[in-house]
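First up is the structure itself, then whatever we jot down about it.
In the working numbering, the protein residues as written are 14 to 275.
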(Lines of atoms letter the chains of each structure in order from A and count residues from 1; the text may use other names and numbers.)
(Lines give C-alpha, C1' and ligand atoms only; values in the text may rest on other atoms or scores of the structure.)
Protein backbone atom coordinates (compact mmCIF):
# COMPACT_ATOMS: atom_id res chain seq x y z
CA UNK A 1 0.00 0.00 0.00
CA UNK A 2 1.38 3.39 -1.00
CA UNK A 3 2.14 5.91 1.72
CA UNK A 4 -0.68 8.52 1.46
CA UNK A 5 1.93 11.29 1.51
CA UNK A 6 3.73 9.75 -1.46
CA UNK A 7 0.44 9.39 -3.33
CA UNK A 8 -0.31 13.06 -2.72
CA UNK A 9 3.15 14.12 -3.92
CA UNK A 10 2.80 12.00 -7.05
CA UNK A 11 -0.61 13.50 -7.81
CA UNK A 12 0.69 17.03 -7.28
CA UNK A 13 3.64 16.45 -9.59
CA UNK A 14 1.44 14.94 -12.28
CA UNK A 15 -0.94 17.90 -12.06
CA UNK A 16 1.91 20.41 -12.41
CA UNK A 17 2.52 19.02 -15.92
CA UNK A 18 -1.02 19.77 -17.09
CA UNK A 19 -0.75 23.51 -17.72
CA UNK A 20 1.32 26.60 -16.95
CA UNK A 21 5.05 26.68 -16.24
CA UNK A 22 6.77 25.65 -13.02
CA UNK A 23 10.27 25.54 -11.58
CA UNK A 24 11.91 22.21 -10.82
CA UNK A 25 14.89 23.06 -8.62
CA UNK A 26 17.68 20.46 -8.60
CA UNK A 27 19.28 20.07 -5.17
CA UNK A 28 22.31 18.25 -3.82
CA UNK A 29 21.39 17.69 -0.17
CA UNK A 30 18.52 17.47 2.29
CA UNK A 31 19.18 20.88 3.85
CA UNK A 32 18.74 22.60 0.50
CA UNK A 33 15.69 20.48 -0.27
CA UNK A 34 14.04 21.62 2.97
CA UNK A 35 15.03 25.26 2.49
CA UNK A 36 13.59 25.42 -1.02
CA UNK A 37 10.46 23.56 0.05
CA UNK A 38 9.97 26.09 2.84
CA UNK A 39 10.54 28.89 0.32
CA UNK A 40 7.61 27.63 -1.73
CA UNK A 41 9.28 26.09 -4.77
CA UNK A 42 6.83 23.91 -6.73
CA UNK A 43 9.04 20.83 -6.98
CA UNK A 44 12.61 19.65 -6.53
CA UNK A 45 14.83 17.13 -8.26
CA UNK A 46 18.01 15.24 -7.67
CA UNK A 47 21.06 16.18 -9.74
CA UNK A 48 23.42 13.38 -10.69
CA UNK A 49 26.29 15.87 -10.81
CA UNK A 50 25.50 17.46 -7.43
CA UNK A 51 24.93 14.16 -5.67
CA UNK A 52 28.16 12.70 -7.03
CA UNK A 53 30.09 15.79 -5.92
CA UNK A 54 28.72 15.59 -2.37
CA UNK A 55 30.20 12.11 -1.96
CA UNK A 56 33.45 12.83 -3.79
CA UNK A 57 32.60 11.03 -7.02
CA UNK A 58 32.73 12.16 -10.67
CA UNK A 59 29.49 12.76 -12.58
CA UNK A 60 29.84 9.64 -14.71
CA UNK A 61 27.73 6.57 -15.35
CA UNK A 62 28.47 3.90 -12.78
CA UNK A 63 30.30 6.24 -10.40
CA UNK A 64 27.22 6.27 -8.15
CA UNK A 65 25.13 3.14 -7.82
CA UNK A 66 21.36 3.03 -8.13
CA UNK A 67 21.10 2.04 -4.47
CA UNK A 68 23.23 5.02 -3.38
CA UNK A 69 21.06 7.33 -5.49
CA UNK A 70 17.87 5.77 -4.10
CA UNK A 71 19.04 6.29 -0.50
CA UNK A 72 19.89 9.92 -1.36
CA UNK A 73 16.45 10.34 -2.94
CA UNK A 74 14.70 9.00 0.14
CA UNK A 75 16.51 11.58 2.32
CA UNK A 76 15.38 14.42 0.05
CA UNK A 77 11.79 13.17 -0.07
CA UNK A 78 11.70 13.04 3.73
CA UNK A 79 13.14 16.55 4.03
CA UNK A 80 10.81 18.35 1.63
CA UNK A 81 7.06 18.85 1.38
CA UNK A 82 7.07 19.13 -2.40
CA UNK A 83 7.27 16.50 -5.18
CA UNK A 84 10.70 15.19 -6.15
CA UNK A 85 11.89 14.06 -9.59
CA UNK A 86 14.87 11.71 -9.99
CA UNK A 87 17.69 12.45 -12.43
CA UNK A 88 18.16 8.75 -13.14
CA UNK A 89 20.68 9.12 -15.99
CA UNK A 90 20.29 6.06 -18.27
CA UNK A 91 18.08 4.18 -15.81
CA UNK A 92 21.00 2.18 -14.42
CA UNK A 93 21.08 -0.34 -17.24
CA UNK A 94 20.92 -0.65 -21.00
CA UNK A 95 17.85 -2.83 -21.46
CA UNK A 96 14.18 -1.87 -21.08
CA UNK A 97 13.77 -4.24 -18.14
CA UNK A 98 16.61 -2.42 -16.33
CA UNK A 99 14.77 0.86 -16.69
CA UNK A 100 11.53 -0.70 -15.44
CA UNK A 101 13.35 -1.97 -12.35
CA UNK A 102 14.73 1.53 -11.73
CA UNK A 103 11.21 2.98 -11.84
CA UNK A 104 10.11 0.51 -9.19
CA UNK A 105 13.13 1.24 -6.99
CA UNK A 106 12.83 5.02 -7.11
CA UNK A 107 9.06 4.96 -6.71
CA UNK A 108 9.63 3.05 -3.47
CA UNK A 109 11.58 6.03 -2.10
CA UNK A 110 8.55 8.30 -2.45
CA UNK A 111 9.83 10.10 -5.53
CA UNK A 112 7.10 11.53 -7.75
CA UNK A 113 8.80 10.97 -11.10
CA UNK A 114 11.97 10.03 -12.93
CA UNK A 115 13.88 11.16 -16.00
CA UNK A 116 15.58 8.66 -18.32
CA UNK A 117 18.13 9.68 -20.92
CA UNK A 118 19.28 8.03 -24.13
CA UNK A 119 23.02 8.41 -23.42
CA UNK A 120 24.34 4.96 -22.56
CA UNK A 121 27.08 6.19 -20.24
CA UNK A 122 29.60 4.31 -22.37
CA UNK A 123 31.66 6.58 -24.67
CA UNK A 124 32.23 3.63 -27.00
CA UNK A 125 28.49 3.04 -27.36
CA UNK A 126 27.28 6.63 -27.18
CA UNK A 127 23.52 7.13 -27.40
CA UNK A 128 21.19 4.21 -27.79
CA UNK A 129 19.74 3.82 -31.26
CA UNK A 130 16.36 5.47 -31.54
CA UNK A 131 14.29 2.27 -31.46
CA UNK A 132 15.95 1.07 -28.25
CA UNK A 133 15.71 4.54 -26.71
CA UNK A 134 11.96 4.56 -27.33
CA UNK A 135 11.55 0.99 -26.07
CA UNK A 136 13.27 1.97 -22.84
CA UNK A 137 10.83 4.84 -22.29
CA UNK A 138 7.92 2.54 -23.10
CA UNK A 139 9.13 0.10 -20.43
CA UNK A 140 9.41 2.94 -17.92
CA UNK A 141 5.89 4.12 -18.71
CA UNK A 142 4.49 0.61 -18.32
CA UNK A 143 6.25 0.24 -14.95
CA UNK A 144 4.96 3.63 -13.80
CA UNK A 145 1.39 2.82 -14.79
CA UNK A 146 1.56 -0.42 -12.82
CA UNK A 147 2.09 1.58 -9.62
CA UNK A 148 -0.85 2.51 -7.40
CA UNK A 149 -0.12 6.22 -7.64
CA UNK A 150 0.89 8.74 -10.32
CA UNK A 151 4.56 8.67 -11.29
CA UNK A 152 5.79 11.07 -13.98
CA UNK A 153 8.14 9.70 -16.65
CA UNK A 154 10.39 12.13 -18.50
CA UNK A 155 12.00 11.03 -21.75
CA UNK A 156 15.30 12.79 -22.29
CA UNK A 157 17.64 12.92 -25.28
CA UNK A 158 21.27 14.04 -25.12
CA UNK A 159 21.60 14.65 -28.88
CA UNK A 160 21.75 18.45 -28.55
CA UNK A 161 23.74 18.54 -25.32
CA UNK A 162 26.57 16.51 -26.85
CA UNK A 163 26.24 17.96 -30.37
CA UNK A 164 25.61 14.53 -31.87
CA UNK A 165 24.74 13.54 -35.42
CA UNK A 166 21.28 14.54 -36.57
CA UNK A 167 21.06 17.63 -34.39
CA UNK A 168 17.67 19.15 -33.80
CA UNK A 169 15.87 16.91 -36.32
CA UNK A 170 17.06 13.75 -34.57
CA UNK A 171 16.38 15.19 -31.12
CA UNK A 172 12.80 16.02 -32.10
CA UNK A 173 12.28 12.59 -33.67
CA UNK A 174 13.37 10.96 -30.43
CA UNK A 175 11.20 13.22 -28.28
CA UNK A 176 8.21 12.50 -30.51
CA UNK A 177 8.93 8.78 -30.12
CA UNK A 178 9.06 9.18 -26.35
CA UNK A 179 5.74 11.06 -26.44
CA UNK A 180 4.15 8.28 -28.50
CA UNK A 181 5.47 5.77 -25.93
CA UNK A 182 3.55 7.64 -23.22
CA UNK A 183 6.18 9.89 -21.59
CA UNK A 184 4.61 12.61 -19.47
CA UNK A 185 7.39 15.15 -20.11
CA UNK A 186 10.03 15.57 -22.83
CA UNK A 187 13.50 16.96 -22.35
CA UNK A 188 16.34 17.90 -24.70
CA UNK A 189 19.04 19.72 -22.72
CA UNK A 190 21.31 21.82 -24.89
CA UNK A 191 18.73 24.33 -26.11
CA UNK A 192 20.32 27.48 -24.73
CA UNK A 193 18.44 30.14 -26.73
CA UNK A 194 14.77 31.01 -26.94
CA UNK A 195 14.44 29.94 -30.58
CA UNK A 196 15.65 26.44 -29.76
CA UNK A 197 13.54 26.24 -26.61
CA UNK A 198 10.49 27.45 -28.51
CA UNK A 199 11.02 24.91 -31.32
CA UNK A 200 11.33 21.98 -28.93
CA UNK A 201 8.24 23.08 -27.00
CA UNK A 202 6.24 23.33 -30.21
CA UNK A 203 7.40 20.12 -31.89
CA UNK A 204 8.25 17.60 -29.15
CA UNK A 205 4.74 16.22 -28.93
CA UNK A 206 3.98 16.92 -25.29
CA UNK A 207 4.94 18.99 -22.23
CA UNK A 208 8.63 19.93 -22.24
CA UNK A 209 11.39 20.62 -19.73
CA UNK A 210 14.00 23.29 -20.44
CA UNK A 211 17.37 23.28 -18.70
CA UNK A 212 18.18 26.87 -17.73
CA UNK A 213 21.22 27.18 -15.45
CA UNK A 214 21.69 29.81 -12.76
CA UNK A 215 23.32 32.78 -14.50
CA UNK A 216 21.40 32.44 -17.77
CA UNK A 217 20.41 35.73 -19.41
CA UNK A 218 16.93 34.33 -20.06
CA UNK A 219 14.05 35.18 -17.75
CA UNK A 220 11.45 32.80 -16.39
CA UNK A 221 8.71 34.75 -18.16
CA UNK A 222 10.58 34.45 -21.48
CA UNK A 223 10.75 30.68 -21.09
CA UNK A 224 7.12 30.39 -20.03
CA UNK A 225 6.09 32.41 -23.09
CA UNK A 226 8.04 29.95 -25.25
CA UNK A 227 5.61 27.24 -24.23
CA UNK A 228 7.76 25.30 -21.75
CA UNK A 229 5.96 23.43 -18.99
CA UNK A 230 8.90 22.79 -16.65
CA UNK A 231 12.18 24.65 -16.02
CA UNK A 232 15.05 22.81 -14.31
CA UNK A 233 18.42 24.02 -13.08
CA UNK A 234 20.63 20.94 -13.47
CA UNK A 235 23.70 21.08 -11.27
CA UNK A 236 23.99 24.86 -11.52
CA UNK A 237 22.39 25.69 -8.15
CA UNK A 238 24.75 23.34 -6.32
CA UNK A 239 27.72 24.78 -8.23
CA UNK A 240 26.63 28.31 -7.30
CA UNK A 241 26.36 27.33 -3.63
CA UNK A 242 29.87 25.87 -3.66
CA UNK A 243 31.25 28.92 -5.47
CA UNK A 244 29.60 31.27 -2.98
CA UNK A 245 31.07 29.39 -0.03
CA UNK A 246 34.50 29.56 -1.64
CA UNK A 247 34.16 33.31 -2.20
CA UNK A 248 33.30 33.87 1.47
CA UNK A 249 36.39 32.01 2.64
CA UNK A 250 38.62 33.74 0.06
CA UNK A 251 37.38 37.10 1.32
CA UNK A 252 37.88 36.15 4.98
CA UNK A 253 41.43 34.99 4.36
CA UNK A 254 42.28 38.06 2.32
CA UNK A 255 40.75 40.70 4.60
CA UNK A 256 40.35 39.08 8.03
CA UNK A 257 36.74 40.26 7.99
CA UNK A 258 33.77 37.99 8.54
CA UNK A 259 31.53 40.40 6.63
CA UNK A 260 30.34 39.07 3.27
CA UNK A 261 32.37 40.38 0.31
CA UNK A 262 31.02 43.26 -1.72
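We put the CB at the ideal spot given by N, CA and C, even for glycine. It should be emphasised that the depicted structure is a prediction, and the values quoted were computed from it without experimental measurement.
Through-space distance from residue 106 to residue 74, alpha-carbon basis:
Roughly 10 Å between the two C-alpha positions.
Does the stretch 49–58 come into contact with the stretch 90–104, if we say contact requires no fewer than three beta-carbon pairs (one atom in each stretch) closer than 8 Å?
In short, these stretches touch, since the Cβ pair count reaches three.
Short of 6 Å in beta carbon distance, which residues of its chain neighbour residue 163, apart from the five on each side in sequence? Order them along the chain.
Closer than 6 Å at Cβ, skipping near neighbours: 23, 24, 27.
Rounded C-beta distance between residue 171 and residue 130? I'm assuming under 8 Å.
The Cβ separation is near 6 Å, so the contact holds.
For the stretch 118–129 against the stretch 98–105, are there 3 or more C-beta pairs whose distance is under 8 Å?
Segments in contact, yes.
Take residue 88 and list the residues in its own chain whose beta-carbon comes closer than 7 Å to its own, dropping the five residues that flank it on each side.
For residue 88, same chain residues with a beta-carbon under 7 Å away, outside a window of 5 residues either side, are 43 in chain order.
Which residue or residues does DSSP assign as beta-bridge partners of residue 243?
BP columns for residue 243 point to 35, 222.
Sequence-distant residues of the same chain with beta carbon closer than 7 Å to residue 64, five excluded per side
Here residue 64 has 41, 77, 82, 85 as same chain residues with Cβ atoms under 7 Å from its own Cβ, once five neighbours each way along the sequence are excluded.
Along the beta strand (DSSP E) that carries residue 199, what are the first and last residues, could you check?
Per DSSP, residue 199 is one residue of the beta strand (DSSP E) stretching across 198–200.
Can you give me the Cβ contacts of residue 135 inside the same chain, cut-off strictly under 8 Å, excluding the 5 residues immediately before and after it?
Result list for residue 135: 74, in chain order.
Inter-residue Cα distance where the pair is residue 239 and residue 207
Rounded to the nearest angstrom, the two C-alpha atoms are 7 Å apart.
Own chain, CB closer than 6 Å to residue 244, minus 5 neighbours either side, in chain order:
Cβ neighbours of residue 244 beyond the five flanking positions: 36, 223, 225, 236.
Rounded C-alpha distance that separates residue 149 from residue 108:
Each residue's Cα considered, the two are about 7 Å apart.
In angstroms, rounded to a whole number, what distance separates the CA positions of residue 157 and residue 210?
Approximately 27 Å between the Cα atoms of the pair.
If I follow the unbroken alpha helix (DSSP H) through residue 99, where does it start and stop?
Residue 99 -> not in any alpha helix (DSSP H); beta strand (DSSP E) instead, spanning 97–100.
Return the residue from the list 66, 213, 196 that minimises the CA-CA distance to residue 116.
When 66, 213, 196 are compared, the shortest CA-CA separation from residue 116 is found for 196.
Mark residue 159 as exposed unless 16 or more other C-beta atoms lie within 10 angstroms of its C-beta, in which case mark it buried.
Exposed, since its Cβ has fewer than 16 Cβ neighbours within 10 Å.
Among 251, 274, 268, which residue has its Cα nearest to the Cα of residue 49?
Distances from the CA of residue 49 to each of 251, 274, 268 were compared; the closest alpha carbon is that of 251.
Are residue 33 and residue 259 close, meaning C-beta to C-beta below 9 Å?
Taking 9 Å as the Cβ cut-off, residue 33 and residue 259 do not qualify as a contacting pair.
Do you know how far the Cα of residue 221 is from the Cα of residue 192?
Each residue's Cα considered, the two are about 10 Å apart.
Is the beta carbon of residue 174 closer than 9 Å to that of residue 202?
Yes, the Cβ-Cβ distance between residue 202 and residue 174 is below 9 Å.
Would you give the residue range spanned by the beta strand (DSSP E) that residue 58 belongs to?
Note, residue 58: beta strand (DSSP E), 56–59.
Locate the alpha helix (DSSP H) running through residue 268, then write down its first and last residues.
Residue 268 -> alpha helix (DSSP H) spans 249–268.
Is it right to say residue 257 is buried, meaning 16 or more other beta carbons lie within 10 angstroms of its own, or is it exposed?
Classification for residue 257: exposed.
Residue 190 classed as buried or exposed, judged by whether at least 16 other C-beta atoms fall within 10 angstroms:
With 16 or more Cβ atoms within 10 Å of its Cβ, residue 190 is classed as buried.
For residue 168, which residues does DSSP report across the bridge?
Partner(s): 129, 199.
Considering Cα atoms alone, identify which of 187, 61, 275 is closest to residue 142.
Among 187, 61, 275, the Cα nearest to that of residue 142 is on 187.
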